[in-house]
Amino acid sequence: MNFNSARTSSESLLRGASRLGAIALAAILLAGCGGGASGGAGGGQATEDQLYLIKFPHVTAPGTPKGQAAQRFKELAEARFPGRVAVEVYPSSQLMNDDDSLEALAFGEIQMIAVSLSKYDRLTHSYQVFDLPFLFPNIEAVEAFQASTAGRQILTELTDRGFLGLAFWHNGMKQLSGPRALRVPQDAAGLKFRIQESDVLQAQFLAIGGSPQKMDLGEVYQALQTGTVDAQENTWSNIYSSKFYEVQPYITESNHGYIGYLVAVNPQFWQSLPDDMRAGLEEIIAEVTVWGNARAEEINQRDKANIVASGRSEIIELTPAELTAWQEAMRPVWDQFSGDIGADLIEAAIAARPQAAMQH
Ligand code: SIN
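For any residue, its number in this note's numbering is found by taking its place in the sequence shown, counting from 1, and adding 872.
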């Protein structure tokens, strides 16, 4: 059975299936087909002059932490394997949104993604740990957890479902933006918050009396502009590059959560690569991860400064008492999800916090 027939014969099934069912089904069908992801001329018997195409769509702008890392991966991969590897990076949802890219990767229609960890919600409960409000006081704490034994274990836990995790890339810490100053949780009551596809984020905004609505990143600007939603949470780099600051007069520097990415490839495609190429690309991904993660915070601070300079949004800095009020209001979400996520994984995240962060 080739890939095309796998897709065609499954389409009627997919129409009636949930997104989770569709993605899981894709992985099962492709595993049963013994592959199917060709990546253009790739797959099957490798020859010296074979060109392997890696399509890498994502949803953020080229200047964001993910946009820059994706572009650097392309440049290094093509320079190291001239004429053998071509990487097509499609930023800003140009090719597809995140939901579609999860399905397309599992089907082998694209070869690489870096989708926000929040959006794997339907495939694993483990990554919900990254959405727990105020679990990670800063990026250093996230980095320490991802480098821990528990963090390294969850990197590859979706391989059987069609997502071979190769790295975690950072974006940054999330801030809250809205039509009014959000100084204490009560200020958020009644506001419609756009959220990523995540049940933890839904619970987080319900906990403060908000009305959460799941929506693709590419639709948020217009939704804020037209009042379909009132407010949102995101990193400085996404708020700046997606121009949310133009339509959100207040941004609270809450640092209440994290946005990061699972860099994943289609496992059958990856196995179809010649050994030297697979090893070389994995080295490049490791190098780009160090490079990109070291720059992510700098890019976010640059974009915070850009927003301040625009004069379009007022930045709200919280007092220690206000910060505590947000932490206490959102904290019940931990208990709500600790059964699904696993108390041990949450403990591992707490244990990995650098000493300085614990005093935070
Ligand atoms: C991303 O940073 O890739 C997406 C975040 C979002 O959907 O808000």
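Ideal Cβ positions, reconstructed from N, Cα and C, are used throughout, including at glycine.
Considering only residues of the same chain and omitting the five flanking positions on each side of residue i, which have a CB-CB separation below 7 Å?
| i | result |
| --- | --- |
| Asp-1212 | His-997 and Gln-1000 |
| Ser-1182 | Tyr-1117 |
| Ser-1020 | Ala-1220 and Ala-1224 |
| Phe-953 | Met-1149 and Gly-1152 |
| Ala-903 | With a pLDDT of 44 at Ala-903, under the threshold of 50, the modelled position of this residue cannot be trusted, and the question is left open. |
| Trp-1142 | Leu-1036 and Arg-1150 |
| Gly-1214 | none |
Quick check: does the Cβ of residue i come within less than 7 Å of any heavy atom belonging to the ligand SIN?
| i | result |
| --- | --- |
| Lys-938 | yes |
| Gln-922 | no |
| Ser-988 | yes |
| Val-931 | yes |
| Leu-1089 | yes |
| Asn-1106 | yes |
| Gln-1068 | yes |
| Asn-969 | no |
| Asn-1172 | no |
| Asn-1165 | no |
| Ile-1111 | no |
| Asn-1127 | no |
| Ile-1131 | yes |
| Asn-1178 | no |
| Asn-1010 | no |
| Asn-1043 | yes |
Mind checking whether residue i and residue j have CB atoms under 8 Å apart?
| i | j | result |
| --- | --- | --- |
| Ser-1070 | Asp-1003 | yes |
| Ala-986 | Lys-946 | no |
| Ala-949 | Val-959 | yes |
| Ser-1185 | Ile-1123 | yes |
| Gly-1037 | Thr-1028 | yes |
| Leu-995 | Asn-1138 | no |
| Asn-1106 | Lys-1176 | no |
| Asp-1102 | Leu-1063 | yes |
| Gly-1044 | Ser-1113 | no |
| Gly-980 | Gln-1140 | yes |
| Phe-1040 | Tyr-1133 | yes |
| Val-1072 | His-1042 | no |
| Leu-1299 | Gln-1058 | The question about residue 1299 has no answer, for the chain in this structure spans 873 to 1232. |
| His-1128 | Phe-1006 | yes |
| Pro-929 | Leu-967 | yes |
| Ile-926 | Met-984 | yes |
| Val-1205 | Ala-1079 | yes |
| Arg-1055 | Leu-1195 | no |
| Gly-1090 | Ser-965 | yes |
| Ile-1171 | Ile-1111 | no |
From the DSSP secondary-structure annotation, give me the bridge partner or partners of residue i.
| i | result |
| --- | --- |
| Lys-1064 | Ser-1083 |
| Asn-1165 | Answer is none; Asn-1165 lacks a bridge partner. |
| His-1042 | Gly-1132 |
| Val-961 | Phe-928 |
| Gln-1076 | None, per the DSSP bridge assignment. |
| Thr-996 | None; Thr-996 has no bridge partner. |
| Asn-1106 | Gln-1047 |
| Leu-1036 | Val-1137 |
| Ile-1123 | Ser-1049 and Ile-1187 |
Leaving out five residues before and five after residue i in sequence, what residues of the same chain have Cβ atoms less than 6 Å from its Cβ?
| i | result |
| --- | --- |
| Ile-900 | Low per-residue confidence applies at Ile-900: pLDDT is 44, beneath 50, and the placement is therefore not dependable enough to give any value. |
| Glu-1012 | Pro-1226 |
| Ala-941 | Trp-1041, Val-1160 and Gly-1164 |
| Thr-1031 | Pro-1139 |
| Val-1135 | Ala-986, Leu-1038, Ala-1039 and Trp-1041 |
CB-CB under 8 Å to residue i, same chain, minus the five flanking residues each way: which ones, in chain order?
| i | result |
| --- | --- |
| Phe-1077 | Ala-1060, Phe-1065, Ile-1067, Ser-1083 and Pro-1084 |
| Glu-1219 | none |
| Gly-955 | Asp-921 and Leu-923 |
| Gln-1173 | Trp-1108 |
| message | At 4 residues or longer, what runs of the alpha helix (DSSP H) sit wholly inside the segment 964-992? | response | The qualifying runs are 970-979.
| Secondary structure, beta strand (DSSP E): runs of 3+ residues fully inside the segment 1151-1231 | As far as the segment 1151-1231 is concerned, its whole beta strand (DSSP E) runs of at least 3 residues are 1186-1189.
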